[in-house]
Amino acid sequence: MRVCRPVNQSPKTDVLTPSGKAAPVALKLVVVEGPDHGAELVLSPGTYRIGKEDGNDLVLKDSAVSRLHLSVAVLEGGVRFTDEGSTNGSFCAGMRFSMVEASAGSTVRIGRSVLKLLPQAERAGALKPSSRHSFGKLVGQSLRMREVFALLEKVAASDSDVLVQGETGTGKDLCAQALHAQGRRAKGPLVVFDLAAVAPTLIESELFGHVKGAFTGAQGDRDGAFVRAHGGTLFLDEVGELPPELQPRLLRALEQRQVKPLGGNEYRKVDVRVIAATHRSLEAHSTFRRDLFHRLAVVQVELPPLRERPDDIPLLIDNVLEQLGRPASALTPETRAILCDYGWPGNVRELRNVVERVVTLGADAALDATKGAQPGRASLPAGRDLPFKEAKERIVESFERDYLEQLLRKCDWNLSKASREAGIARFYLRQLVKKHGLEKPE
Numbered sequence: 222m223r224v225c226r227p228v229n230q231s232p233k234t235d236v237l238t239p240s241g242k243a244a245p246v247a248l249k250l251v252v253v254e255g256p257d258h259g260a261e262l263v264l265s266p267g268t269y270r271i272g273k274e275d276g277n278d279l280v281l282k283d284s285a286v287s288r289l290h291l292s293v294a295v296l297e298g299g300v301r302f303t304d305e306g307s308t309n310g311s312f313c314a315g316m317r318f319s320m321v322e323a324s325a326g327s328t329v330r331i332g333r334s335v336l337k338l339l340p341q342a343e344r345a346g347a348l349k350p351s352s353r354h355s356f357g358k359l360v361g362q363s364l365r366m367r368e369v370f371a372l373l374e375k376v377a378a379s380d381s382d383v384l385v386q387g388e389t390g391t392g393k394d395l396c397a398q399a400l401h402a403q404g405r406r407a408k409g410p411l412v413v414f415d416l417a418a419v420a421p422t423l424i425e426s427e428l429f430g431h432v433k434g435a436f437t438g439a440q441g442d443r444d445g446a447f448v449r450a451h452g453g454t455l456f457l458d459e460v461g462e463l464p465p466e467l468q469p470r471l472l473r474a475l476e477q478r479q480v481k482p483l484g485g486n487e488y489r490k491v492d493v494r495v496i497a498a499t500h501r502s503l504e505a506h507s508t509f510r511r512d513l514f515h516r517l518a519v520v521q522v523e524l525p526p527l528r529e530r531p532d533d534i535p536l537l538i539d540n541v542l543e544q545l546g547r548p549a550s551a552l553t554p555e556t557r558a559i560l561c562d563y564g565w566p567g568n569v570r571e572l573r574n575v576v577e578r579v580v581t582l583g584a585d586a587a588l589d590a591t592k593g594a595q596p597g598r599a600s601l602p603a604g605r606d607l608p609f610k611e612a613k614e615r616i617v618e619s620f621e622r623d624y625l626e627q628l629l630r631k632c633d634w635n636l637s638k639a640s641r642e643a644g645i646a647r648f649y650l651r652q653l654v655k656k657h658g659l660e661k662p663e
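Read in order, the letters of the sequence shown correspond to residues 222 to 663 in the numbering used here.
And the structure:
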């Protein structure tokens, strides 16, 4: 934290300045503690507003933050924070201020949230990329994946709950398997519970268990996924599908580490590590409780889509061939070129399926699989039979990208204007832009 020096001694009107000169670098403001941990505001010359009211440039869900709490002015020599008459005050280096001049490395606390100024090229708490090209069955040599591996290596040794986020086919299940296998619970059970594969009316019973007579057809006691995972890991796949009425029960189970079966009267203690996964933004999902999100996301792991790490495609192809017991020469250079140029909307899962099909049916299968698809676009490849869920997700991905491209062009890449035009929060819009790897044209 940068040290701030008071200019005068008035308890609420001190103007603070950092002990060093501001570095002339492009900055961003990152929430490093609090309910909105990980949220970012990229700064350019101008003034920004921070608070819990919609319409602010950075909207915080912290109940201790005022509707308009803080303004941030990006000046030629640095950044100036101004408290906008907030109820609970703004603090730098433990001192309440009305105004503070800051630079890279400075931190400010408002409510339960801590905001840190960082160079735009730096990430809060960034780890040194791993030297490994795999973690369990996850494979990659790109910088993005080696950063993921570095985080997973550190997280595996802990017992913290983890939320894995990523598009369909990026390997969220493989991530959970590897965290379990390389953690201290490796000798315990790994119980997989896919909420998208269970009827909503059965989720409560399957997750928490039931006693005899709890409902029609309950002819005996049955342990739920939490109890079956005792001493090991519970993997909640597609946790975003959890019905709102069951979210308080899951939150209690996570906080108390005890569950009560459906129809039962007593709680049962469970010793489990919970790893959850989702392909959607739970923060932006209006029906998903924010307190549950933050309880699940003690550690967040984001798996990048394959279109954002094309350098990994050759390595992944060779890895699939090795698993199939085939030599690298099983694919011609021409076929490899076709596969490397494709956008892979279905990510690594689709790549594996196509490589296996090519090995079985010949090089023409590669052309059939990628025909009519634009790189990076989630169109449905011709001649491919897909489950309803995956087909729907691909169409949604394609719609999101096309909509964002048109919206941003219309608004000249002004995110505040674009968020108002689209009727969505600015923070959520930034998440979508990042998710689809969109960049402002030069």
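For each residue, glycine too, the CB sits at the ideal point set by N, CA and C.
Owing to the predicted nature of the structure, the values given are computational and were not obtained by experimental measurement.
9 angstroms Cβ cutoff met for residue i and residue j
i    : j    : result
I496 : A397 : yes
F318 : S327 : no
H451 : P410 : yes
E274 : L289 : yes
P510 : P548 : Residue 510 is actually Arg in this sequence, not Pro. Their beta carbons are not under 9 angstroms apart, which means R510 does not touch P548 by this criterion.
R578 : L537 : no
R516 : G564 : no
C313 : A325 : no
G301 : M320 : Here residue 301 turns out to be Arg, not Gly, going by the sequence shown. Contact flag set, yes.
V419 : V448 : no
F456 : D394 : yes
Y269 : L250 : yes
R615 : G583 : no
Q477 : L384 : no
A378 : L348 : no
R406 : G453 : yes
Coil, strand or helix - residue i by DSSP
i    : result
C313 : strand
I424 : helix
Q521 : strand
E577 : helix
R270 : strand
R570 : helix
E618 : helix
G564 : coil
F648 : helix
F456 : strand
P548 : coil
R675 : The shown model of the chain, from 222 to 663, leaves out residue 675, and the question about it has no answer.
V412 : strand
A497 : strand
V335 : strand
V541 : helix
A450 : coil
K249 : strand
E476 : helix
H515 : helix
P596 : Because P596 sits at a pLDDT of 41, beneath the cut-off of 50, its placement in the model cannot be relied upon, and the point is left open.
K358 : coil
Minimum C-alpha distance to residue i - residue among the options
i    : options                : result
A247 : S265, K481, G255, R367 : S265
V369 : A260, R647, G387       : G387
E660 : W634, A643, K638, E642 : W634
T581 : A551, K433, R489, R630 : A551
R367 : R494, L524, D382       : L524
N309 : A294, V329, A285       : A285
V376 : Q403, Y624, K433, E462 : Q403
L471 : E305, L428, V432       : L428
V519 : P535, G546, D380, A399 : D380
T556 : G546, V575, E543       : V575
V432 : V360, P526, R405, G485 : G485
Q468 : D623, L636, P421       : P421
Sequence-distant residues of the same chain with beta carbon closer than 6 angstroms to residue i, five excluded per side
i    : result
Q595 : Because Q595 carries a pLDDT of 44, less than 50, the predicted location of this residue cannot be relied on, and the following value inherits that uncertainty. Counting only Cβ-Cβ distances below 6 angstroms, and skipping sequence neighbours, we find nothing.
H258 : V252
D283 : G255, P256, G332, R333, S334
Exposure of residue i, with buried meaning 16 or more beta-carbon neighbours within 10 Å
i    : result
T391 : buried
G441 : exposed
A474 : buried
L373 : buried
P554 : exposed
N540 : buried
D533 : buried
R530 : buried
A498 : buried
E626 : exposed
A399 : buried
8 angstroms CB neighbourhood of residue i in its chain, flanking five on each side removed
i    : result
L364 : P350
D415 : D458, E459
E261 : K249, L250, V251, V252, R651
E642 : L628, K631, C632
Cutoff 7 angstroms; reference residue i; Cβ partners in own chain excluding five residues on either side
i    : result
S640 : A646, R647, L650
P662 : none
E621 : L653, H657
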